[in-house]
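> In the working numbering, the protein residues as written are 25 to 241.
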Amino acid sequence: MTSSTIPPVAPGEAAPDFALPAVAGPGTVSPAHYRGRSPLLLSLMVGLWCPFCRRQLVQLGKFEVKLKPLGIESLVVLATDPENARLYFKFRPTALRLASDPALSTHRAYRVPKPEPTPAMLQAMQETRVNPTGELPEALPVPAAAKAIEKLDGYVCTPADLGDVDRQWPQLKALFMIDRDGIVRWHDIECAREGLAGIGKLPSEDMILEAARACVA
25 MTSSTIPPVA PGEAAPDFAL PAVAGPGTVS PAHYRGRSPL LLSLMVGLWC
75 PFCRRQLVQL GKFEVKLKPL GIESLVVLAT DPENARLYFK FRPTALRLAS
125 DPALSTHRAY RVPKPEPTPA MLQAMQETRV NPTGELPEAL PVPAAAKAIE
175 KLDGYVCTPA DLGDVDRQWP QLKALFMIDR DGIVRWHDIE CAREGLAGIG
225 KLPSEDMILE AARACVA
């Protein structure tokens, strides 16, 4: 389930730099702000239209509480415009630092795959059953699971969300652990571990903390 033969930025490579609008207030956010100061857990999400991403934001907020004592900061790149993100977080505040990248330029820089939505892939999504957060009564086909979580949320897509879907789907998500010197030390690409069954799943807390401890060792 890949979009090209070029693999994502791997451990040992320099993390590509970027400067993106901050969601909380004016100014920009960049990995350079952390260089020489602290390691960074960088999360590359798609837009808020993705119910799995909205759940993962909550999970990442819980992980951050355990990463900070290790000296590791967290940064989430959301693929939606700043105003759309500000509207969402006005009602669902988070302590996570957020940046806005609706064009997915950061995903491209980190070479995160965007699969080709072939008939075979669409069929596989209908046949693969998931329950990534464990909150559904049973695992459902991927599109049905997304709709079920959306219904639980009572979430209504904004016009900005709908535009994001058209540009982004089916972009995958990724996590990168970057050390103080700006070198990637660990990554996790959505669906790399479990194929389509991994859609919407973050690595376990233990896996992330193990990567974090190795990064600061």
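Think of the CB as a built atom: it goes at the ideal place given N, C-alpha and C, for glycine as much as any other residue.
In whole angstroms, what separates the C-alpha of R209 from that of A241?
For R209 and A241, the distance between alpha carbons rounds to 11 Å.
> Just the Cα atoms here: how many angstroms apart are M25 and P117?
For M25, the pLDDT reaches just 48, beneath the cut-off of 50, and the residue's location in the model is therefore unreliable, although a value from the coordinates is still provided. Answer to the nearest angstrom: the Cα atoms are 34 Å apart.
> CB-CB under 6 Å to A169, same chain, minus the five flanking residues each way: which ones, in chain order?
If we look at A169 and ignore the five residues flanking it on each side, its Cβ neighbours are V154.
> Quick one: what does DSSP say R78 is sitting in, helix, strand or coil?
Of the three classes helix, strand and coil, the one that applies to R78 here is helix, per DSSP.
> Do you know offhand how far L78's Cα is from P161's?
The question names Leu, but residue 78 is Arg in the sequence shown. Spanning the two alpha carbons is a distance of roughly 19 Å.
> Is the Cβ-Cβ distance between P106 and A43 less than 9 Å?
It is not a contact, given that the beta carbons lie outside the stated cut-off.
> Within its chain, find whatever has a CB closer than 8 Å to the CB of P246; leave out the 5 residues flanking it on each side and keep chain order.
What the structure shows of the chain is the stretch from 25 to 241, and residue 246 is not part of that stretch, so it cannot be assessed.
> Which residues share a DSSP beta bridge with S67?
The partner list for S67 (beta bridge, DSSP) reads V100 and L199.
> In the structure shown, what three-state DSSP assignment does P165 receive?
Of the three classes helix, strand and coil, the one that applies to P165 here is strand, per DSSP.
> Return the chain-ordered list of same chain residues with a C-beta closer than 8 Å to the C-beta of R59, the five sequence neighbours on each side being excluded.
Cβ within range, chain order: R204, D205 and G206.
> Enumerated in chain order, which unbroken segments of the beta strand (DSSP E) with a length of 3 residues or greater are wholly contained in the segment 121 to 147?
The segment 121 to 147 contains these whole beta strand (DSSP E) runs: 121 to 124.
> Would A148 and L196 be called neighbours here (beta carbons separated by less than 9 Å)?
It is not a contact, given that the beta carbons lie outside the stated cut-off.
> Flag this pair as yes or no: are the beta carbons of E97 and L64 separated by less than 9 Å?
Result yes, Cβ atoms of E97 and L64 sit closer than 9 Å.
> Using beta-carbon positions only, say whether T52 and N108 come within less than 9 Å of one another.
Contact flag unset, no.
> With which residues is A38 paired in a DSSP beta bridge?
A38 pairs with I207.
> Suppose the cutoff is 6 Å on Cβ atoms and the five residues either side in sequence are ignored; what does the same chain contact list for D125 look like?
If we look at D125 and ignore the five residues flanking it on each side, its Cβ neighbours are L44, V101 and A103.
> Checking the sheet assignment: what are the DSSP bridge partners for P45?
Beta-bridge pairing links P45 to T52.
> Just how far apart, CA to CA, sit K90 and D230?
If I take the Cα positions, the gap works out to 11 Å.
> For I223, does the three-state DSSP call read helix, strand or coil?
DSSP places I223 in coil when its eight states are reduced to three.
> Return the CA-CA distance between A48 and L122, expressed in angstroms with no decimal places.
The alpha-carbon atoms of A48 and L122 are separated by roughly 7 Å.
> Near F87, which residues of its chain fall below 7 Å by C-beta distance, leaving aside the five closest residues on each side in sequence?
Within the same chain, F87 has close Cβ partners E229 and I232.
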